[in-house]
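Count the sequence shown with my numbering and you get residues 380 to 463, in order. Idealized CB from N, CA, C, for every residue including glycine. Small disclaimer: the values here were computed from a predicted structure and weren't measured.
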Amino acid sequence: MTWAEFRIRLFAYRRLEIKEYEKVRLVCYQIYVSNWFAKKKPKSIESFMPLDLKKKAILSKKQKDAMKAATEQYFKEKKALENG
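Have a look at this one:
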């Protein structure tokens, strides 16, 4: 199996796992809501059992500056090799 084929299969496997998790999540939430009698308002489905699929990478200012410096250094070296 090539690396590309492995990545395609891995992507499909993860997608199927997420769909299965969504089904379980919905059933759990329905059970949670059906037994709701003690409080005024139940939690939303997202706060009850989050999917955490859309995580944003948060970079600090120091990390952003380091990335910018590394990029500038790369382009300087690339330009020097082209002209040299």
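Would you mind working out which of the options sits nearest residue i, comparing C-alpha positions?
{"i": "residue 409", "options": "419, 423, 399", "result": "423"}
{"i": "residue 430", "options": "446, 440, 437, 397", "result": "397"}
{"i": "residue 428", "options": "411, 420, 380, 436", "result": "411"}
Between residue i and the rest of its own chain, which residues show a CB-CB distance below 6 Å, the 5 nearest in sequence each way excluded?
{"i": "residue 442", "result": "none"}
Beta-carbon within less than 8 Å of residue i's beta-carbon, same chain only, minus the 5 sequence neighbours each way: which residues are those?
{"i": "residue 401", "result": "430"}
At a threshold of 7 Å, does residue i count as lining the ligand NAP (C-beta to nearest heavy atom)?
{"i": "residue 422", "result": "The ligand NAP is not part of this structure, which contains no ligands at all."}
Segments assigned alpha helix (DSSP H), at least 4 residues, entirely inside the region 397–447: 424–427
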